[in-house]
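Those protein sequence lines, which keep their order, are chains B and Y.
Using the UniProt record's numbering, you'd call the opening residue of the first sequence number 1 and step up by one each time.
Using the UniProt record's numbering, you'd call the opening residue of the second sequence number 1 and step up by one each time.
Single-structure report; data block below.
Protein chains: 2
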Amino acid sequence: MRATYLYEAGDVRVQDAPDPVIEEPTDAIVRVLRSCVCGSDLHPYHSLTAADGPVPMGHEFLGTVEETGSEVSGLQRGDLVVAPFAYACNTCEFCRSGLHTSCPKGGFFAAGIGGAQAEAVRVPQARGTLVKLPNDVDEKLLPSLLTLADVYGTGYHAAHQARITPGDSVTVIGDGAVGLLAVLSAKQLGAERIILMGRHKTRTDLGRAFGATDVIAERGNEGVAKVRDLTGGHGTRAVLEAVGHMPAYEMAVGAVRPGGVISRVGVPQYEDAPIGFGSLFGPNITLTGGPAPVRAYIDRLLPAVLDGTVDPGRVFDRTLALEQTPDGYRAMGQREALKVLLTP
Amino acid sequence: MRATYLYEAGDVRVQDAPDPVIEEPTDAIVRVLRSCVCGSDLHPYHSLTAADGPVPMGHEFLGTVEETGSEVSGLQRGDLVVAPFAYACNTCEFCRSGLHTSCPKGGFFAAGIGGAQAEAVRVPQARGTLVKLPNDVDEKLLPSLLTLADVYGTGYHAAHQARITPGDSVTVIGDGAVGLLAVLSAKQLGAERIILMGRHKTRTDLGRAFGATDVIAERGNEGVAKVRDLTGGHGTRAVLEAVGHMPAYEMAVGAVRPGGVISRVGVPQYEDAPIGFGSLFGPNITLTGGPAPVRAYIDRLLPAVLDGTVDPGRVFDRTLALEQTPDGYRAMGQREALKVLLTP
Chain B
1 MRATYLYEAG DVRVQDAPDP VIEEPTDAIV RVLRSCVCGS DLHPYHSLTA ADGPVPMGHE
61 FLGTVEETGS EVSGLQRGDL VVAPFAYACN TCEFCRSGLH TSCPKGGFFA AGIGGAQAEA
121 VRVPQARGTL VKLPNDVDEK LLPSLLTLAD VYGTGYHAAH QARITPGDSV TVIGDGAVGL
181 LAVLSAKQLG AERIILMGRH KTRTDLGRAF GATDVIAERG NEGVAKVRDL TGGHGTRAVL
241 EAVGHMPAYE MAVGAVRPGG VISRVGVPQY EDAPIGFGSL FGPNITLTGG PAPVRAYIDR
301 LLPAVLDGTV DPGRVFDRTL ALEQTPDGYR AMGQREALKV LLTP
Chain Y
1 MRATYLYEAG DVRVQDAPDP VIEEPTDAIV RVLRSCVCGS DLHPYHSLTA ADGPVPMGHE
61 FLGTVEETGS EVSGLQRGDL VVAPFAYACN TCEFCRSGLH TSCPKGGFFA AGIGGAQAEA
121 VRVPQARGTL VKLPNDVDEK LLPSLLTLAD VYGTGYHAAH QARITPGDSV TVIGDGAVGL
181 LAVLSAKQLG AERIILMGRH KTRTDLGRAF GATDVIAERG NEGVAKVRDL TGGHGTRAVL
241 EAVGHMPAYE MAVGAVRPGG VISRVGVPQY EDAPIGFGSL FGPNITLTGG PAPVRAYIDR
301 LLPAVLDGTV DPGRVFDRTL ALEQTPDGYR AMGQREALKV LLTP
């Protein structure tokens, strides 16, 4: 098959690779119908050293089941399925509590198991991981269904962990696909005031379409001052942080109301940060978030995607064939494209 | 009147001071019946420089109303009242949401306004701050009622912010008065497994009486390993951190289960700490807590104190007269006493 590998920063190649095969009786092989490039793929795209490459790329996909291991029930050849970016058993105590990212049998696609920017993928723990979609689904829905693999579930995780309730006030930091879908998720959970912090007008316009009531282009102290101006001086009860860099964390601390919640889904590019009396403790701020257990949210989010109530697939603004994947990385790396959809 | 001042580390004096007077129409003057020394008083007792002294001491008291300002309704001379350590209006949006420590009209007793280790105290925002107690209350209940001013409400805040529910598993770090009352609070909220980390047997014995199911004397990695041994390798869902030093935070990170909550009420003696992928983010740990808005909890906690269901006053293991306050600091500083009650 053809599959995508990152050799080192900036060097993405689509090349021949062995067809994936069933290795464990709990595996399935899925033929990829749609995959995409993630904002988090850009971290290694910008920093991987040649010594650490090549690594298989891509962790978001939907496709059809091609083969199942002997212990995989409930799935058969030809089923249309979507996979969360983390595979998991869906039966252990962590999965039952909705924390599939901590499943002892679980792990991640791409570098962990085989990339999804490819023609086919081996899926461990297939029964727990794969979610069946209607086989007759309209092809136009495929981009939105694909967002259930990561970015929609991740944006939803941010809002869910912040315990957004009707009437709430929320700041979303970051206008990438996850930030925009955090806006959509906050709106679905009833947030009344949704302030989106982002600088790319085409993106923040989509954020407004998803439910943002205000957009702030300024960053740092200036951005924080704008949030406070809009909220009677106190900030919003929740801040959803979808970037992961320290300045975004500092803005979150500045924009959150005393007693409020900072919910992070941008992977932190730092380890130590201020959490003492002068930042989180004094004003009783709660810090939450982490890698999204998107498997826990797919069943909940699927109906509104299928019936067209929401259209999270609007985050895809470019579609390329698998062979053009390197150009997709380039376009996203240069912020020409928000998110690139890949077809076989 | 007589009042307590800290001149510098180790130098506590009880001396003559001006009687407090009504300064604002929202003030009341309370004659102190019982006050006490707090673990947090030991921080300046160990570190205050002569240049920063003298400062009035004490923020926990109950007593009788002696005089009220012209705008204070609902209180009259002779009423028995208890005050939270932070005064507040109890009517603004922060107070209504239970965050009295962020009240714009609020502040703290002791260094902020006048100490409670004294014969009388001026209470700002008296109508919002003071909570009436039955005037005929049994004198034996006064120590337990006094804990509502801080340590019981603070321990309860830790458990409340961790959203303890029936059947929960909890680790409490610290066997001071707040840690022990965090045990009691977790028990009241239905926790099934309560692991108390502390090294002083008389204190941890009281912790067992309050509901601790296990006691761990070890610290650091050794202590964390013990918690994991007791919990199938994963740690407890909640960790209540009642110390405030970095090693306690590190133990909390080690002892909390993936997807769990660290709730801090020990005032952090650090500003930066690990919160990245390797500590909080990867396992989706929530960090919460702060200065306790004890005013929000007094009404809830009072009935079980009055009817004797709980006896949080057991944290007082020594009673001294106000004039002996310096000896109370010495005894607590040397860990001879857990918590010292002061009588006029």
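Beta carbons are placed, not taken as given, at the ideal position from N, Cα and C, and that holds for glycine.
It should be emphasised that the depicted structure is a prediction, and the values quoted were computed from it without experimental measurement.
If you measure between the beta carbons of residue i and residue j, is that distance less than 8 Å?
{"i": "ASP168 of chain B", "j": "GLY207 of chain B", "result": "no"}
{"i": "LEU306 of chain Y", "j": "GLN117 of chain Y", "result": "no"}
{"i": "LEU240 of chain B", "j": "ALA162 of chain B", "result": "yes"}
{"i": "LEU142 of chain Y", "j": "ARG34 of chain Y", "result": "yes"}
{"i": "LYS339 of chain Y", "j": "VAL310 of chain Y", "result": "no"}
{"i": "ALA273 of chain Y", "j": "ILE275 of chain B", "result": "yes"}
{"i": "GLY58 of chain Y", "j": "ALA110 of chain Y", "result": "yes"}
{"i": "PRO268 of chain Y", "j": "THR101 of chain Y", "result": "no"}
{"i": "PRO258 of chain Y", "j": "PHE94 of chain B", "result": "yes"}
{"i": "GLY153 of chain B", "j": "PRO84 of chain B", "result": "yes"}
{"i": "THR26 of chain Y", "j": "VAL72 of chain Y", "result": "yes"}
{"i": "VAL227 of chain B", "j": "THR213 of chain B", "result": "no"}
{"i": "LEU320 of chain Y", "j": "GLY333 of chain Y", "result": "no"}
Whole angstroms is fine: what's the gap from residue i's alpha carbon to residue j's?
{"i": "ALA252 of chain Y", "j": "LYS140 of chain Y", "result": "36 Å"}
{"i": "GLY232 of chain Y", "j": "GLY98 of chain B", "result": "19 Å"}
{"i": "GLY112 of chain Y", "j": "ASP299 of chain Y", "result": "25 Å"}
{"i": "ALA304 of chain B", "j": "ARG77 of chain B", "result": "26 Å"}
{"i": "ARG2 of chain B", "j": "ILE29 of chain B", "result": "15 Å"}
{"i": "ASP150 of chain B", "j": "GLU60 of chain B", "result": "6 Å"}
{"i": "ILE164 of chain Y", "j": "GLY282 of chain Y", "result": "22 Å"}
{"i": "GLY254 of chain Y", "j": "ASN284 of chain Y", "result": "13 Å"}
{"i": "MET197 of chain Y", "j": "GLU218 of chain Y", "result": "7 Å"}
{"i": "GLU119 of chain Y", "j": "GLY69 of chain Y", "result": "19 Å"}
{"i": "THR204 of chain B", "j": "ARG96 of chain Y", "result": "34 Å"}
{"i": "PHE277 of chain B", "j": "VAL256 of chain B", "result": "15 Å"}
{"i": "MET246 of chain Y", "j": "TYR270 of chain Y", "result": "7 Å"}
Verify the CB distance criterion: does residue i have a CB-CB separation below 8 Å to chain Y?
{"i": "ALA273 of chain B", "result": "yes"}
{"i": "THR343 of chain B", "result": "no"}
{"i": "THR101 of chain B", "result": "yes"}
{"i": "LEU287 of chain B", "result": "yes"}
{"i": "PHE94 of chain B", "result": "yes"}
{"i": "ARG203 of chain B", "result": "no"}
{"i": "PRO166 of chain B", "result": "no"}
{"i": "ARG264 of chain B", "result": "yes"}
{"i": "SER277 of chain B", "result": "Inspection of the sequence shows that residue 277 of chain B is occupied by Phe rather than by Ser. Interface residue, yes."}
Say whether chain B places a C-beta atom closer than 8 Å to the C-beta of residue i.
{"i": "PRO268 of chain Y", "result": "yes"}
{"i": "ASN284 of chain Y", "result": "yes"}
{"i": "SER97 of chain Y", "result": "yes"}
{"i": "PHE109 of chain Y", "result": "no"}
{"i": "GLY112 of chain Y", "result": "no"}
{"i": "PHE316 of chain Y", "result": "no"}
{"i": "PRO84 of chain Y", "result": "no"}
{"i": "GLY259 of chain Y", "result": "yes"}
To which residues does DSSP link residue i through a beta bridge?
{"i": "LYS132 of chain B", "result": "B:VAL81"}
{"i": "TYR5 of chain B", "result": "B:ARG13, B:PRO56"}
{"i": "PHE108 of chain Y", "result": "Y:ALA86"}
{"i": "ASP214 of chain B", "result": "B:ILE195"}
{"i": "residue 350 of chain B", "result": "Beyond the ends of chain B as shown, which are 1 and 344, falls residue 350 of chain B; an answer cannot be given."}
{"i": "GLY260 of chain B", "result": "DSSP lists no partner for GLY260 of chain B."}
{"i": "PRO312 of chain Y", "result": "In DSSP, PRO312 of chain Y forms no bridge with anything."}
{"i": "ARG122 of chain Y", "result": "Y:ILE29"}
{"i": "THR171 of chain Y", "result": "Y:ILE195, Y:VAL239"}
In the DSSP assignment, the alpha helix (DSSP H) including residue i goes from what residue to what residue?
{"i": "ARG203 of chain B", "result": "201-210"}
{"i": "LEU145 of chain B", "result": "142-146"}
{"i": "LEU302 of chain B", "result": "295-306"}
{"i": "ALA186 of chain Y", "result": "177-188"}
{"i": "PRO44 of chain Y", "result": "42-47"}
{"i": "THR154 of chain B", "result": "151-161"}
{"i": "VAL227 of chain B", "result": "220-230"}
Nearer than 7 Å: is that true of the beta carbon of residue i relative to any heavy atom of the ligand MG?
{"i": "ILE195 of chain B", "result": "The ligand MG is not part of this structure, which contains no ligands at all."}
Go to residue i, then tell me how far its beta strand (DSSP E) extends in each direction, as first and last residue.
{"i": "VAL65 of chain B", "result": "61-68"}
{"i": "CYS36 of chain Y", "result": "28-36"}
{"i": "VAL239 of chain Y", "result": "236-241"}
{"i": "THR286 of chain B", "result": "286-289"}
{"i": "ARG96 of chain Y", "result": "Taken as a continuous stretch (DSSP letters only), ARG96 of chain Y belongs to no beta strand (DSSP E), being part of the alpha helix (DSSP H) at 93-96."}
{"i": "ARG335 of chain Y", "result": "First-last for ARG335 of chain Y: undefined, no H or E at that position."}
{"i": "PRO274 of chain B", "result": "272-274"}
Task: Residues in the region 31-44 of chain B having any Cβ partner in chain A nearer than 8 Å - done: In the structure shown, chain A does not exist; the protein chains are B and Y.
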